[in-house]
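**Q**
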Amino acid sequence: MRRHVLGIESTAHTFSVSVVSSEGEVLSNTRSVYKPPEGSGIHPFEASQNHLANAAGVLADAIDRSGVSLNDLDAISYAMGPGLGPCLRVGAVVARTLASSLGVPLVPVNHAVGHIELGCLLTGSKDPVVLLVSGGHTMILAYSSRRWRVLGESLDLTLGQLLDQFGRHHGLSSPCGKTIEDAASSSTNYLKLPYAVKGNDVSFSGLLTVSKLLLDGGSSFSDVSYSIQETAFAMVTEVTERALAFTAKKEVMIVGGVAANRRLSGMMTEMAKRHSATVSMAPLEYSGDCGAQIAWTGWLAHSKDVEVPVAESKVLQSWRLDHVDIPWRG
Amino acid sequence: MSTSPGAAEYARGRLLYKGAEADVLRGEWQGLDAVFKVRKPLSYRLAVLDDAIRRHRTVREAEMIHLAKKAGVPSPFLYNVDVPASTLVMEFVAGDRVKDLVGTLPRIEMEDIFFEFGRDVARLHTAGIMHGDLTTANVVRRKGNLVFIDFGLSVRTTRLEDHAVDLRLIKETLVGAHPEAATSALEALSRGYAGVVGPARSRAVLKQLQSIERRGRYARVT
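Residue numbers (the numbering used here), protein chains in the order written: chain A, -12 to 317; chain B, 128 to 349.
1. Mind pulling the chain B residues with CB within less than 7 angstroms of A:Gly26?
2. Identify which residue in A:Ile215, A:Ile241 and A:Tyr273 has its Cα closest to the Cα of A:Ile127.
3. For A:Gly68, which beta-bridge partners are listed by DSSP?
4. Three-state secondary structure (DSSP) at B:Tyr137?
5. Which residues in the same chain have their Cβ closer than 6 angstroms to the Cβ of B:Thr349, if we skip the five residues on either side of it in sequence?
6. Pair every Cβ in the segment 211 to 221 of chain A with every Cβ in the segment 164 to 175 of chain A, then say whether three or more of these pairs are closer than 8 angstroms.
7. Is the Cβ of B:Glu148 closer than 9 angstroms to any Cβ of chain A?
8. Under 6 angstroms Cβ to Cβ from A:Ser274, same chain only, skipping five residues before and after it: list those, please.
9. How many whole angstroms separate the CB atoms of B:Phe219 and B:Arg153, which I take to be in contact at a CB cut-off of 8 angstroms?
10. Bridge partners for B:Lys145 per DSSP, in chain order?
11. Looking at the structure shown, is A:Lys301 part of a helix, part of a strand, or coil, going by DSSP?
12. With three or more beta-carbon pairs closer than 8 angstroms as the criterion, would you say the segment 221 to 229 of chain A touches the segment 158 to 173 of chain A?
13. What first and last residue would you give for the alpha helix (DSSP H) that runs through B:Arg234?
14. Quick one: residues in its chain with C-beta nearer than 6 angstroms to the C-beta of A:Ser209, no 5 flanking neighbours on either side, listed in chain order?
15. Where B:Val200 and B:Met191 are concerned, what is the direct C-alpha to C-alpha distance, given to the nearest angstrom?
16. For B:Pro306, return the contacting residues in chain A, with the cut-off set at a CB-CB distance below 8 angstroms.
17. Classify A:Leu271 as buried or exposed, calling it buried when 16 or more other Cβ atoms lie within 10 Å of its own Cβ.
18. Ordered along the chain, which non-local residues of its own chain (more than five positions away) have a Cβ less than 7 angstroms from that of A:Leu109?
19. To test your reading of the DSSP string, which unbroken beta strand (DSSP E) runs of 3 or more residues are found completely within the segment 194 to 246 of chain A?
20. Of all the CB atoms in chain B, is at least one closer than 9 angstroms to the CB of A:Met240?
21. Just the Cα atoms here: how many angstroms apart are A:Asp312 and A:Arg133?
22. What in chain A is Cβ-close to B:Lys298, meaning under 8 angstroms?
23. Return the chain-ordered list of same chain residues with a C-beta closer than 8 angstroms to the C-beta of A:His38, the five sequence neighbours on each side being excluded.
24. Within 9 angstroms of any Cβ in chain A, is that where the Cβ of B:Asp293 sits?
25. Near A:Ser263, which residues of its chain fall below 8 angstroms by C-beta distance, leaving aside the five closest residues on each side in sequence?
26. In three-state DSSP terms, what is A:Gly139?
27. Name the residue from A:Gly(-6), A:Ala49 and A:His0 whose alpha carbon lies nearest to the alpha carbon of A:Ile29.
28. In chain order, what residues of the same chain have a beta carbon less than 7 angstroms from the beta carbon of A:Arg83, not counting five sequence neighbours either side?
29. Going by DSSP, what residue range makes up the alpha helix (DSSP H) through A:Thr145?
30. Does A:Thr(-2) come out as helix, strand or coil in the three-state DSSP assignment?
31. Would A:Val45 and A:Thr17 qualify as a contact pair, given that the criterion is a beta-carbon distance under 9 angstroms?
32. From A:Leu65 to A:Arg307, what does the alpha carbon distance come to, in whole angstroms?
33. With 9 angstroms as the limit, tell me which residues of the segment 219 to 243 of chain A have their beta carbon closer than that to any beta carbon of chain B; keep them in chain order.
34. Go ahead and label B:Ser131 buried or exposed: buried means 16 or more other beta carbons lie within 10 angstroms of its beta carbon, across all protein chains shown.
35. From B:Gly259 to B:Phe242, what does the alpha carbon distance come to, in whole angstroms?
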């Protein structure tokens, strides 16, 4: 019998609701995205106000488009963390309300696991080395013994933070990735930047500092954008290649907001060729934060009876991916 | 003295391992059973950046292989340093990678290996060397001894932070790739490490390791 799960994402700038079926069909995926003023990042409270104001509309829209009635939902899942407290709480309140009024289980989902599982569903990847690159994460992972295991990560800033903080220094508002990618494509003038690979890990803080200094010193935004991309993406590609060589896996999957960058996916594809591995990415609509990642992972968890009583449900601002038990993978 | 016979000479070797950084081939070098570690150009990386990284790492690795021996840590004998081809020619180390031994040996023997692993890392640190790439794939057991075979990311440093980063990578590899053996292996490794650097330094490095882990994204603060 076909079952249906509704999922709510509200970890950061995006409030999104999705309904999926147990067969892996994404029946709806609606969202409202908070946009910070120019030169600023996400203000957690302001973002939560956006989510509050739009929650009802996004939810109603997701139900309508899915063609599934509220009474046919088998479970409600929500992003319990990691993320911004005020934002997380909006999604949690909506989820609790739905679950208790419908009398169905409430399923907590880790947002980052959501990126990975939705990626696997949409790309057909079975056992990939995962590169998770977003504003919240820069991690290289592979599954083993009921956990997604971290094989490498950033020791300080995430790739998304690097791009956003650099972009904001130039007066842009987050997310800045697309603007930086466009600016980079008009330059071939490489300015030397620190390349910091430490074993399986990367560090971006020095790279950010020097990039800002170059900008302040009069270098053009497109030259520095180009150099930042070439340096940071090569670092990430190198550590992903290390994980690929170490695990001898044959699939690479890129997920998270920065997966949308074509230079990054281009480098990864070039790298994977050497190892006869395939590279896949979630389609653009699903690479960034969305309800579908929570709904689909909610279904996987629900199928293994993962749930939390409404009275005990909470949000976790810090919740590392490799601390999440994964009972649905072999 | 170093010579550069060109890439074709090295390409005649048999590919042992295609790593992220380099291809490792086995072949003959002036009658010796040798390994060619060839840092090939990586097409995904900008050429100007790629050339600088490959040359720099080739020269530095040669220095570090030498320094490790001085510190009492077995490392391969170097036969040639070919900077133009970004290639090191060195002794073939016959044995089993620790990566392949984990899970196949009785626990006691496993702990002996990691105890010795810890001692060797401590010797490197005492000599002011951060290995930089302490995964279980980079250590080979040969006739009961451990030989460290890859110094591609090694640097000279006595900073507490750098030494802690070294240990963090071992921990990451063990927990990530050998979760079932991680706890007892890490315990044995810490004992070996402390035995060489002394309890005070060992405590300081482990404390720094915790502080690095807390800096990680979404780490649970304990």
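Glycine residues also receive a C-beta, built at the ideal position from the N, C-alpha and C atoms.
**A** If we stick to the structure as given:
1. Under the 7 angstroms cutoff, chain B gives no residues; its nearest Cβ is about 24 angstroms from A:Gly26.
2. With distances taken between CA atoms, A:Ile127 lies nearest to A:Ile241 out of A:Ile215, A:Ile241 and A:Tyr273.
3. DSSP output for A:Gly68 lists A:Asn97 as bridge partner(s).
4. Here B:Tyr137 sits in helix by DSSP.
5. Any answer about B:Thr349 is weak, because its pLDDT of 40 lies below 50 and its placement is not dependable; what the coordinates show is given next. Excluding sequence neighbours, B:Thr349 sits near nothing in its chain.
6. Touching, per the Cβ criterion.
7. Taking CB atoms only, B:Glu148 has a neighbour in chain A less than 9 angstroms away.
8. Only Ala246 and Ala247 meet the Cβ criterion.
9. Their Cβ separation, rounded to whole angstroms, is 6 angstroms, which keeps B:Phe219 and B:Arg153 in contact under 8 angstroms.
10. B:Lys145 pairs with B:Asp150.
11. When secondary structure is reduced to three states using DSSP, A:Lys301 falls in the coil class, being assigned neither helix nor strand.
12. No, because fewer than three Cβ pairs between the segment 221 to 229 of chain A and the segment 158 to 173 of chain A fall closer than 8 angstroms, the two stretches do not touch.
13. Looking at the DSSP string, the run of the alpha helix (DSSP H) that includes B:Arg234 is Arg234 to Thr253.
14. For A:Ser209, where only same-chain residues beyond five positions count, the Cβ hits under 6 angstroms are Ala170, Ser173 and Ser174.
15. Their Cα atoms are separated by approximately 11 angstroms.
16. For B:Pro306, the neighbours in chain A by C-beta distance under 8 angstroms run, in chain order, Ser131, Ser132, Arg134 and Arg136.
17. Counting every other CB atom within 10 Å of its CB across the protein chains shown gives A:Leu271 a total below 16, marking it as exposed.
18. Within the same chain, A:Leu109 has close Cβ partners Ala269, Pro270 and Tyr273.
19. The segment 194 to 246 of chain A contains these whole beta strand (DSSP E) runs: 238 to 242.
20. With a threshold of 9 angstroms between beta carbons, A:Met240 makes no contact with chain B.
21. For A:Asp312 and A:Arg133, the gap between their C-alpha atoms comes out near 6 angstroms.
22. Within 8 angstroms Cβ-Cβ: nothing; B:Lys298 doesn't reach chain A, min ~11 angstroms.
23. Around A:His38: Ser(-3), Phe2, Ser19, Tyr21, Cys74, Val77 and Gly78.
24. Taking Cβ atoms only, chain A reaches closer than 9 angstroms to B:Asp293, which makes this a yes.
25. Counting only Cβ-Cβ distances below 8 angstroms, and skipping sequence neighbours, we find Lys237.
26. The three-state reading of DSSP puts A:Gly139 in strand, counting E and B together.
27. Selection A:Gly(-6), A:Ala49 and A:His0 evaluated against A:Ile29 yields A:His0 as nearest (Cα-Cα).
28. If we look at A:Arg83 and ignore the five residues flanking it on each side, its Cβ neighbours are Leu93, Val297 and Ser300.
29. First-last for A:Thr145: undefined, no H or E at that position.
30. In this structure, A:Thr(-2) counts as coil in the three-state DSSP scheme.
31. For A:Val45 and A:Thr17, yes; Cβs fall inside 9 angstroms.
32. The sequence given here places Tyr at residue 65 of chain A; Leu does not occur at that position. In a straight line, the C-alpha of A:Tyr65 is about 16 angstroms away from that of A:Arg307.
33. Correct list: Phe220, Ala221, Thr224, Glu225, Val226, Thr227, Glu228, Arg229, Ala230, Leu231, Ala232, Phe233 and Thr234.
34. Exposed, by the Cβ-count rule.
35. Rounded to whole angstroms, the separation of the alpha carbons of B:Phe242 and B:Gly259 is 19 angstroms.
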